[in-house]
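Residue numbering for the sequence shown follows numbering that gives the first Met the number 0, starting at 0 and increasing by one per position. Reviewing the structure listed below.
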Amino acid sequence: MTLTESMVQRAQAVFTPNYRQAPVVLVRGRGSRVWDAEGREYLDAIAGIATCALGHCHPALVEALARQAGELWHVSNLFYNPSAVELCEALVRSSTFARRIFLCNSGAESNEAMLKLARKFHADQGHPERHEIVACHNSFHGRTMFALAATGQPKYHHGFEPLVPGVRHVPYGDVAALERALTSRTAAFIVEPIQGEAGVFPAPPGYLEAARRLTRERGALLCFDEVQVGMGRTGKMWGHEWDGVTPDLLSSAKALANGYPMGALLASEEVGSHLTPGSHASTFGGNALGAAVALRTLQLIGEALPNVLRIGARLTERLGALRPGGRVGEVRGRGLLLGVVVRGIDAAAVVGLARDRGLLCNAIGDAVVRLAPALNFTDAEADEAVDKLGAAIAAAPAR
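Here is the structure:
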């Protein structure tokens, strides 16, 4: 029995069976390369699902973590720690609207806090009837109960009903449907600038601008879920910047600390001031270790933004060149969040064949292969990824 087989067997004996892991045990990583227990090397083009934005074991982040680990780990939110203060200051500087920051540990927690705060904001102003949340079909906002209710994919709801009440869903990109849904009972509209888990669908031109106008007119808050598309993933620090609009609330996580569990809720002064003492909390939120890594990550991502645009364009062009074979449809997304639509073949089969060739990516449904590599991906790595993915697509059996 190989080390991989042994580890897989041990894992299956103790893990809850809620994941479908590939039969690969990863033991080491450097940059955009990882190695498994048998010594096989892979080019990582999924980066922990858009999380390891600067690659694996980035020296500056290792140094930041080690330095903080030798000074202070966790003191709870009964006290201040400098790393958390400096991180929140940096997040405020990174945004055109945020003045208040709540730190937590994940995207689901960020969205949970965002949805709770949206309701509390209106209740504090004497309008508890404004409790409804409008979200989009095919959205994904997390697995906690409120975030799950906002998620517009029924397959994730089964077995967990009844969901949190007061959530309605509208078609993504449909301005008229959104206008009808926003009423005097609406607390907020939550939307992803790019629907990642639905298959990498960018918001149609003008949709976010219309959402900003309509929410202001109707007295509702505009909430952007940027857990996947923020932190430089699209070539700007925040995905909504491409549309020239600002939200009232924004959730962040994933790449925020390059793989160390960290989430943040960014809020305007008007709204953020309503997260008052005792209203919400997170035991580990803002711990010194995570905050130190996130602060350094934020600085380095700012430097990587030009590379995101350049490599994203290179990948899109080269992936588009695979289309004449008939097995590749459109390539959609922005920056380094790309969805490759495949035709007549199964996306999961393509992912498996790519892995056999030393490339890691993932499938969304039956027809989309997602690429979300590190933001410091090189030209050579981009070309290698396309070559290996192209070979996998060519080798995939027809459906």
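Glycine included, every Cβ here is placed at the ideal spot set by N, Cα and C.
Please go through the same chain and pick out, in chain order, the residues whose beta-carbon is closer than 7 Å to the beta-carbon of residue i, but skip the five residues on each side of it.
{"i": "valine 91", "result": "Ala97, Arg98 and Ile100"}
{"i": "glycine 289", "result": "Ala256, Tyr259, Pro260 and Met261"}
{"i": "alanine 348", "result": "Ala395 and Pro396"}
{"i": "arginine 295", "result": "Ala59, Leu60 and Ala63"}
{"i": "serine 278", "result": "Lys119"}
For residue i, I'd like the list of residues in its chain whose CB is within less than 6 Å of its CB, leaving aside the five on either flank, ordered along the chain.
{"i": "alanine 23", "result": "Note that residue 23 is valine in the sequence shown here, rather than alanine. Cβ within range, chain order: Asp35."}
{"i": "alanine 381", "result": "Ile310, Arg313 and Leu314"}
{"i": "alanine 202", "result": "Pro192"}
So is residue i buried or exposed if we call it buried at 16+ other beta carbons inside 10 Å?
{"i": "aspartate 43", "result": "buried"}
{"i": "glycine 205", "result": "exposed"}
{"i": "leucine 370", "result": "buried"}
{"i": "glycine 357", "result": "exposed"}
{"i": "threonine 150", "result": "buried"}
{"i": "asparagine 17", "result": "exposed"}
{"i": "phenylalanine 159", "result": "exposed"}
{"i": "glutamine 11", "result": "exposed"}
{"i": "tyrosine 79", "result": "exposed"}
{"i": "threonine 1", "result": "exposed"}
{"i": "threonine 233", "result": "buried"}
{"i": "threonine 50", "result": "buried"}
Between the alpha carbons of residue i and residue j, how many angstroms are there, rounded?
{"i": "histidine 57", "j": "arginine 184", "result": "47 Å"}
{"i": "tryptophan 241", "j": "leucine 207", "result": "10 Å"}
{"i": "asparagine 110", "j": "methionine 144", "result": "11 Å"}
{"i": "alanine 52", "j": "serine 93", "result": "17 Å"}
{"i": "glycine 284", "j": "asparagine 104", "result": "6 Å"}
{"i": "proline 396", "j": "leucine 213", "result": "47 Å"}
{"i": "histidine 121", "j": "valine 226", "result": "24 Å"}
{"i": "isoleucine 45", "j": "glutamine 298", "result": "22 Å"}
{"i": "glycine 69", "j": "proline 153", "result": "46 Å"}
{"i": "alanine 197", "j": "aspartate 224", "result": "14 Å"}
{"i": "glycine 271", "j": "glycine 324", "result": "52 Å"}
{"i": "glutamate 85", "j": "alanine 287", "result": "10 Å"}
{"i": "cysteine 135", "j": "tyrosine 41", "result": "36 Å"}
{"i": "glutamate 131", "j": "aspartate 123", "result": "15 Å"}
{"i": "alanine 21", "j": "glutamate 37", "result": "14 Å"}
{"i": "alanine 407", "j": "alanine 252", "result": "Examination of residue 407 is not possible in this model, given that the chain is present from 0 through 398 alone."}
{"i": "alanine 30", "j": "threonine 377", "result": "The residue you asked about is not alanine; residue 30 is glycine in the sequence shown. If you take the alpha carbons of glycine 30 and threonine 377, they lie about 10 Å apart."}
{"i": "phenylalanine 139", "j": "alanine 65", "result": "34 Å"}
Does residue i have its Cβ less than 8 Å from a Cβ in chain D?
{"i": "glycine 218", "result": "Of the protein chains in this structure there is only one, and it is not chain D."}
Apart from the five residues just before and just after residue i, which ones in its own chain have a Cβ nearer than 8 Å to its Cβ?
{"i": "leucine 337", "result": "Val199, Gly311, Leu314, Thr315, Leu318, Val330, Arg331, Arg369, Leu370 and Ala371"}
{"i": "isoleucine 479", "result": "Any question about residue 479 goes unanswered here, given that the chain covers just 0 to 398."}
{"i": "isoleucine 344", "result": "Arg326, Ile392, Ala395, Pro396, Ala397 and Arg398"}
{"i": "cysteine 222", "result": "Met113, Leu114, Ala117, Ala187, Phe188, Ile189, Val190, Pro246, Asp247, Leu248, Leu249 and Ser250"}
{"i": "alanine 89", "result": "Leu294, Leu297 and Gln298"}
{"i": "histidine 73", "result": "Phe283, Asn286, Ala287 and Leu288"}
Since residue i and residue j are thought to touch, with beta carbons under 8 Å apart, how far apart are those beta carbons, to the nearest angstrom?
{"i": "leucine 255", "j": "alanine 293", "result": "5 Å"}
{"i": "leucine 162", "j": "valine 169", "result": "Leucine 162 to valine 169, Cβ: 17 Å. No contact."}
{"i": "leucine 388", "j": "alanine 353", "result": "5 Å"}
{"i": "valine 340", "j": "alanine 366", "result": "6 Å"}
{"i": "leucine 248", "j": "leucine 220", "result": "6 Å"}
{"i": "valine 33", "j": "histidine 55", "result": "6 Å"}
> What runs of the beta strand (DSSP E), each 3 residues or longer, lie entirely inside the region 284 to 324?
Replying inline: none
> In chain order, which continuous runs of the beta strand (DSSP E) of length 3 or greater are located wholly inside the region 113 to 174?
Replying inline: 131 to 135 and 166 to 169
>> I'd like the ranges of any alpha helix (DSSP H) spanning at least 4 consecutive residues and lying wholly in the region 52 to 107.
In response: You should have 58 to 68 and 81 to 93.
> Unbroken alpha helix (DSSP H) runs of length 4 or more, entirely within the region 223 to 278: which are they?
Replying inline: 268 to 271
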